[in-house]
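In this text, residue positions in the sequence shown follow this note's numbering: the first is 714, and each later residue adds one.
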Amino acid sequence: MSPVAALVGSKLRIARNQIASVRNESKLKVGVVSIAATLLWAGAYYAFYEGFLWLRAFGIDPSGAALSLGDIIMARLLSVFSLALFLMLIFSNVLIAYSTLYRSREVGFLLQAPVSIRALFLARFVECIAFSSWATAFLGSPLILAYGITTDAPWPFYLAAAAFYVPYVTVPAAFGAIILLLLVRVLPRLPRGTLIAAAALAVGGLFLYLRARLSAVELSEDTFLPTVLDAMHRTQSPLLPSYWASRGVLDAAEAHYASCLFHFAVLTANALMFTWVAAETAQRLFYRGWTGLIGNPRRRKRPPGQRLLGRLEGALGALKEPQRALVIKDIRLFWRDPAQWSQFVVFFGIMAIYVANLRNRWPQAQQEVYRSWIVCLNIGACTLILATLTSR
714 MSPVAALVGS KLRIARNQIA SVRNESKLKV GVVSIAATLL WAGAYYAFYE
764 GFLWLRAFGI DPSGAALSLG DIIMARLLSV FSLALFLMLI FSNVLIAYST
814 LYRSREVGFL LQAPVSIRAL FLARFVECIA FSSWATAFLG SPLILAYGIT
864 TDAPWPFYLA AAAFYVPYVT VPAAFGAIIL LLLVRVLPRL PRGTLIAAAA
914 LAVGGLFLYL RARLSAVELS EDTFLPTVLD AMHRTQSPLL PSYWASRGVL
964 DAAEAHYASC LFHFAVLTAN ALMFTWVAAE TAQRLFYRGW TGLIGNPRRR
1014 KRPPGQRLLG RLEGALGALK EPQRALVIKD IRLFWRDPAQ WSQFVVFFGI
1064 MAIYVANLRN RWPQAQQEVY RSWIVCLNIG ACTLILATLT SR
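Take a look at the structure:
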């Protein structure tokens, strides 16, 4: 058995034991989580199904001889969804790879085992893919199923969607791992205050840029559709892995199997190539980055009351015990784990894009029915973000 197979096999046994331990959990807890997950999946499927039905009836030719505008928009939406998912997976894989490669305690023991850095990285790389892709598979499956049912796609469409998914999520995972390996090799030498200031400036600059770009276009009934189609057209570049995946799945839905196999071969070849590049990068940079991270010299410690957390403890003096101790403990845990506070950067970045686009109003959105839906969607988005941040 190869070292990679042995390490992955041990993780699979641990996962199997954790799944088996669910029988020891509270039945109420298991039932609530199962019902909530089922309702979430069913709700997503219903929303996608109704949305695709509405799009198919949008701009349809009465004679049925030409392709409807709704079919074109549906195909473009899959490309937009694939590209957005690709970019989100890159960022999430940077965070997950950091926790898996550098923050895990067992990495120090594995480095002393008779296992090469390349084999260690590949084993942890498989774990990163599993952690980062299971949620996208859960939320993406109702979209694929709804699209296949509304378009009467043949059964190879569903097999193609499952086959394309594995190499598709591998490419952003490799990108995220390479970015992390390069960052860790450089960033441990920079003070934390500099990193926080740079992140704040980046988020602020992104907000100002998007606000200037998005507010420059006023949507109206005449410009709405051309603007949307132009934005979707930018996701059709043949150099994007998201385009290979979406185009291959759409070819399977249209029974163009030769083109589907071509795009699958291109995506798989690039996934293998980027995985090899990530493994070679890890072979050269991982150990130096890991030792530099754990051996990074600390700055001169200030008295406890003069540090940021110490001043925050003083500001929380109005709270009574034990609530004050619990709040301080949670703040300390949050501050010391970059995988947690970096999630705030993601959510606030998405919120910045949303706020920057508030001026870009569609006249139809002023109708009462759309205003009610927008309010409900805003409340739903806020509750989902709150649930994500509080369940960390």
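We put the beta carbon where it would ideally sit given N, CA and C, even for glycine.
Residue i classed as buried or exposed, judged by whether at least 16 other C-beta atoms fall within 10 angstroms
{"i": "Gly1018", "result": "At Gly1018 the pLDDT is 49, less than 50, meaning the model places this residue with poor confidence; the figure from the coordinates comes in the next sentence. With fewer than 16 Cβ atoms within 10 Å of its Cβ, Gly1018 is classed as exposed."}
{"i": "Tyr860", "result": "buried"}
{"i": "Glu931", "result": "Because the pLDDT at Glu931 is just 49, under 50, the model does not fix this residue reliably, and the point stays unresolved."}
{"i": "Leu1046", "result": "exposed"}
{"i": "Phe765", "result": "buried"}
{"i": "Asp964", "result": "buried"}
{"i": "Leu1102", "result": "exposed"}
{"i": "Phe834", "result": "buried"}
{"i": "Tyr1083", "result": "exposed"}
{"i": "Cys973", "result": "buried"}
{"i": "Trp847", "result": "exposed"}
{"i": "Trp1003", "result": "buried"}
{"i": "Leu894", "result": "buried"}
{"i": "Ala788", "result": "buried"}
{"i": "Ser795", "result": "buried"}
{"i": "Pro951", "result": "exposed"}
{"i": "Leu800", "result": "exposed"}
{"i": "Leu802", "result": "buried"}
{"i": "Phe822", "result": "exposed"}
{"i": "Val717", "result": "buried"}
{"i": "Leu814", "result": "buried"}
Residue range of the unbroken alpha helix (DSSP H) whose run includes residue i
{"i": "Asp865", "result": "That residue, Asp865, is in no alpha helix (DSSP H); it is neither H nor E in DSSP."}
{"i": "Ser747", "result": "740-769"}
{"i": "Glu819", "result": "819-823"}
{"i": "Leu729", "result": "In the sequence under discussion, the amino acid at residue 729 is Arg, which differs from the Leu named in the question. First-last of the alpha helix (DSSP H) with Arg729: 716-733."}
{"i": "Glu967", "result": "It is not in any alpha helix (DSSP H) - Glu967 carries neither H nor E in the DSSP assignment."}
{"i": "Ser828", "result": "Per the sequence presented here, residue 828 reads as Val, with Ser not at that position. No alpha helix (DSSP H) holds Val828; DSSP gives it neither H nor E."}
{"i": "Arg898", "result": "869-899"}
Backbone CA spacing between residue i and residue j [nearest angstrom]
{"i": "Trp754", "j": "Pro855", "result": "7 Å"}
{"i": "Pro1035", "j": "Asp1043", "result": "12 Å"}
{"i": "Val807", "j": "Ile892", "result": "7 Å"}
{"i": "Ser739", "j": "Thr849", "result": "27 Å"}
{"i": "Ala982", "j": "Glu993", "result": "17 Å"}
{"i": "Ala1031", "j": "Trp1048", "result": "22 Å"}
{"i": "Val897", "j": "Leu1006", "result": "7 Å"}
{"i": "Tyr1000", "j": "Ile830", "result": "8 Å"}
{"i": "Val990", "j": "Pro880", "result": "15 Å"}
{"i": "Thr864", "j": "Ser747", "result": "30 Å"}
{"i": "Asn737", "j": "Val745", "result": "15 Å"}
{"i": "Tyr956", "j": "Phe987", "result": "17 Å"}
{"i": "Gly961", "j": "Val882", "result": "15 Å"}
{"i": "Pro869", "j": "Ala966", "result": "8 Å"}
{"i": "Leu1090", "j": "Tyr759", "result": "16 Å"}
{"i": "Arg769", "j": "Ala810", "result": "41 Å"}
{"i": "Ser729", "j": "Phe844", "result": "It is worth fixing the name first, because residue 729 is Arg in this sequence and not Ser. Cα to Cα, Arg729 sits roughly 15 Å from Phe844."}
{"i": "Phe877", "j": "Val743", "result": "32 Å"}
{"i": "Arg837", "j": "Glu1081", "result": "51 Å"}
{"i": "Ala958", "j": "Ala866", "result": "17 Å"}
{"i": "Ser665", "j": "Phe851", "result": "Summary: the structure shown does not reach residue 665, with the chain confined to residues 714 through 1105, and so no result is reported for it."}
{"i": "Ser723", "j": "Ser805", "result": "24 Å"}
{"i": "Pro954", "j": "Ile857", "result": "18 Å"}
{"i": "Ile862", "j": "Cys1095", "result": "31 Å"}
{"i": "Gln949", "j": "Ser792", "result": "7 Å"}
{"i": "Gln996", "j": "Arg726", "result": "27 Å"}
{"i": "His969", "j": "Ala875", "result": "17 Å"}
{"i": "Gln825", "j": "Ala1100", "result": "40 Å"}
{"i": "Ala1028", "j": "Arg1037", "result": "10 Å"}
{"i": "Glu840", "j": "Leu790", "result": "30 Å"}
{"i": "Ile1092", "j": "Val828", "result": "50 Å"}
{"i": "Ala719", "j": "Ala832", "result": "10 Å"}
{"i": "Leu741", "j": "Leu980", "result": "43 Å"}
{"i": "Ser817", "j": "Pro885", "result": "21 Å"}
{"i": "Leu1025", "j": "Val1040", "result": "11 Å"}
{"i": "Tyr871", "j": "Val899", "result": "43 Å"}
{"i": "Gly853", "j": "Leu1097", "result": "17 Å"}
Within-9 Å CB hit, residue i to chain D
{"i": "Arg1045", "result": "Although the question refers to chain D, the structure presented lacks it and comprises just one protein chain."}
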